[in-house]
Amino acid sequence: MPTYKNNTASQIYWRNKLWEPGESRALTIYVPATDLGLTETAATPAVASPVLLSEDVTLVAGVAQTKAIPYSARIQISAVATTGTATLTVNGEDIVIDSNAGYTSTPLPWAKVESVELVSAAGATVRLLVEEVL
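In our numbering, the protein residues as written are 14 to 147.
Spelled out as structure tokens, the structure:
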């Protein structure tokens with residue numbers, strides 16, 4: 014299993030896991046090692062990424078797109094329009110997004126959100142991210 018070492022002089026705490034300075038720890042879950050300041054010392058066997066869907070969706074004016082979400086018991090959806098303005102529909106709720114106002118859901122049960130819909134009146138590009146909630 015992947016092993017991560019704390020090569021810093023400070024403690025690193027993440028998801029109820031603590032690395033003391035110099036300590037190594039092997040885990041069976043995904044760890045964003047670089048973001049935390051950890052060094053990955055063994056990478057195998059690889060742990061699956063929690064990213065279920067990551068895509069820049071190009072919307073043509075007035076044409077809706079439905080994106081199926083791969084199964085995971087609980088998911089989190091994030092979206093922001095990098096160009097234009099769009100409407101994201103999640104579980105029947107319409108959310109207007111643009112480059113200034115994105116959307117990040119709370120953890121949701123997949124059974125309620127098997128897909129999302131995107132549409133734009135004038136065309137847009139939306140960065141869509143769906144992650145498994147561990």
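Just so it is clear, CB atoms sit at the ideal spot from N, CA and C, and this is done for glycine as well.
Per the DSSP secondary-structure output, Ser67 pairs in a beta bridge with Leu142. Distance from the CA atom of Leu65 to the CA atom of Val143, rounded to whole angstroms, is 5 Å. For Ser128, the beta-bridge partners assigned by DSSP are Ala81.
Contact annotation: Ala39 and Thr21 have beta-carbon atoms that are not nearer than 9 Å. Counting the other CB atoms within 10 Å of its CB gives Asn29 a total below 16, which places it among the exposed residues.
For Leu101, the beta-bridge partners assigned by DSSP are Ile108, Leu131. Secondary structure note for Thr54: its beta strand (DSSP E) is the uninterrupted segment 52 to 55. Taking all protein chains shown into account, Leu131 has 16 or more neighbouring C-beta atoms within 10 Å of its C-beta and is therefore buried. The criterion of a C-beta distance shorter than 9 Å is not satisfied by Ile42 and Leu121. In the DSSP assignment, Leu49 falls within the unbroken alpha helix (DSSP H) covering 46 to 49. A straight-line Cα-Cα distance of about 17 Å links Ala55 and Asp48.
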